[in-house]
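Just below is one structure, and these are the notes that go with it.
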């Protein structure tokens, strides 16, 4: 006798019948469809073994039921998108949900490169510099009013130029006598030290750090021979074409301070009244 070959589920013989193998287990067509076939999302009928089963994210459709939810166009072998688990053709999805380009007002199609800035969207080739008209791409840009500029164009059109090097000032500028300077260009005319954030003074329209100014122009103390700047409210004594720091204006003999007191001179020396009597 021949060995029996029955449906795994209903046990009916499969000799002379169509059947389907699943994990090496045979099933008659009816049992297989009941056990394993999916229901169509649209018509809710089973998608039989002889029908094409189109699936997407655990959803299934007959070929004839896989249509755009908006225009009913067949989506078989066509690109599509999904909204709230409903399939839509790309055109309907774009018209309904895709961003519109701020420049040309046309839809930015899914899959195409989109540029975004402050809640607005552009096609890549529509997001251009207002001056040179070149696409921004990944370059840095600056917005001024309603326009966008690449950095080179912004600097040429709007940035102030350093009075010294004539190049645009983008950061770190210094204003001196109503003229713009780069920090690195605004230096002491003598030692070339940067003056931004430092105390300085000027002479004949040139800027000097305090040390250079004192060394070049300040009078020298008759006692210690170092410069007397007179800057910042510092006090000094002047007498007969000679000057002294307040701290240096002392009696030559007893070293008492003569600031605010009477004194006399003996050749190049200054003496207090007491020392003059003894001299």
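Residue numbers (our numbering): 700 to 978. By construction, the Cβ of each residue, glycine as well, lies at the ideal position given by its N, Cα and C atoms. Computed from a predicted structure; not experimentally measured.
Along the chain, where does the alpha helix (DSSP H) that runs through residue i open and close?
i	result
residue 852	850-856
residue 794	789-796
residue 729	728-735
With distances taken from CA atoms, which of the options is nearest residue i?
i	options	result
residue 861	851, 839 and 884	884
residue 908	887, 926 and 895	887
residue 830	844, 816, 805 and 856	856
residue 782	776, 772, 770 and 795	795
residue 846	838, 792 and 828	828
residue 979	803, 769 and 804	The first residue shown for the chain is 700 and the last is 978, placing residue 979 beyond what the model contains.
residue 869	840, 778, 976 and 824	840
residue 919	940, 901 and 906	940
residue 737	967, 711 and 759	759
What does the Cβ neighbour count give for residue i, buried or exposed, with the cut at 16 atoms within 10 Å?
i	result
residue 700	With a pLDDT of only 41 at residue 700, under the threshold of 50, the placement of this residue in the model should not be trusted; the figure read from the coordinates follows. It counts as exposed.
residue 912	buried
residue 924	exposed
residue 826	buried
residue 916	exposed
residue 702	exposed
residue 742	exposed
residue 714	exposed
residue 948	buried
residue 811	exposed
residue 778	exposed
residue 804	exposed
Per DSSP, which residues does residue i bridge with? Please list them.
i	result
residue 956	949
residue 712	705
residue 719	726
residue 758	755
residue 766	773
residue 738	745
What residue range is occupied by the uninterrupted beta strand (DSSP E) comprising residue i?
i	result
residue 964	963-965
residue 878	878-881
residue 970	968-970
residue 780	779-782
Enumerated in chain order, which unbroken segments of the alpha helix (DSSP H) with a length of 4 residues or greater are wholly contained in the stretch 901-942? 909-916
Whole beta strand (DSSP E) runs in the stretch 808-873 with 3 or more residues, listed along the chain? 813-816, 819-822, 840-843 and 846-849
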